[in-house]
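Q: So for the sequence shown, this note's numbering puts the first residue at 687; every next one is plus one.
Cβ atoms here follow ideal geometry from the backbone N, Cα and C, with glycine treated the same way.
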Amino acid sequence: MTVVETLPKILSAGIPSPIPNGQMIPDLFEHHHVTVLENHRLSSVENGRVILENEGQKKALDADSIVIAVGFRLAPSMRAELQGCGAVVYEIGDGQKVSTILHAVWEGYEVGNNI
Ligand SMILES: Cc1cc2nc3c(=O)[nH]c(=O)nc-3n(C[C@H](O)[C@H](O)[C@H](O)COP(=O)(O)OP(=O)(O)OC[C@H]3O[C@@H](n4cnc5c(N)ncnc54)[C@H](O)[C@@H]3O)c2cc1C
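#1: Can you give the Cα-Cα distance for S785 and W792, rounded to whole angstroms?
#2: Looking at the structure shown, is V705 part of a helix, part of a strand, or coil, going by DSSP?
#3: Among R765, T688, G779, whose alpha-carbon lies nearest the alpha-carbon of E724?
#4: Would you list the one or two residues that DSSP bridges to N740?
#5: Among residues of its own chain, excluding the 5 on either side of L728, which ones have a beta-carbon nearer than 7 Å to its beta-carbon?
#6: Could you tell me the alpha carbon to alpha carbon distance between A699 and G770, rounded to whole angstroms?
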């Protein structure tokens, strides 16, 4: 198995990853002999081969399965639809900003405490 990351370091995109993930995932990769290619950008897939770019150089990897996991995107907000519904609407968690379980729980706690 090979993990390909376009940034110089895995787990560094977007929001900071939870600390246990940052500690556990590299250990698990090492334990299971997973190859991690940082600074490598997936540019195409051709005839069962993954084409990667690194510092202007192209390289090909044979692959029988490819899993694309290139980030989270905010789902459209329901705020506009709910305006004028007669109740106060609070938007929290990933619906407001893609983040982590911790932030969703904190925001729920804050709103719950203030209603
Ligand atoms: C693959 C993946 C891995 C992750 N790993 C981690 C991790 O290791 N640690 C971490 O802290 N965070 C992680 N996260 C982020 C974390 O899951 C989210 O930040 C968190 O779940 C946000 O909570 P939430 O309640 O805002 O949204 P969600 O947990 O997404 O809950 C929203 C719920 O609303 C429901 N819903 C949507 N529309 C409607 C509607 N119209 N009516 C009724 N229900 C509706 C959905 O079905 C869903 O069940 C991960 C996210 C993903 C996608």
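A: Answer, in terms of the structure:
#1: 11 Å
#2: Reading the sequence as shown, one finds Ile at residue 705 and not Val. Of the three classes helix, strand and coil, the one that applies to I705 here is helix, per DSSP.
#3: T688
#4: Under DSSP, N740 takes part in a beta bridge, and its partners are Q743.
#5: V690, V736, L738
#6: 37 Å
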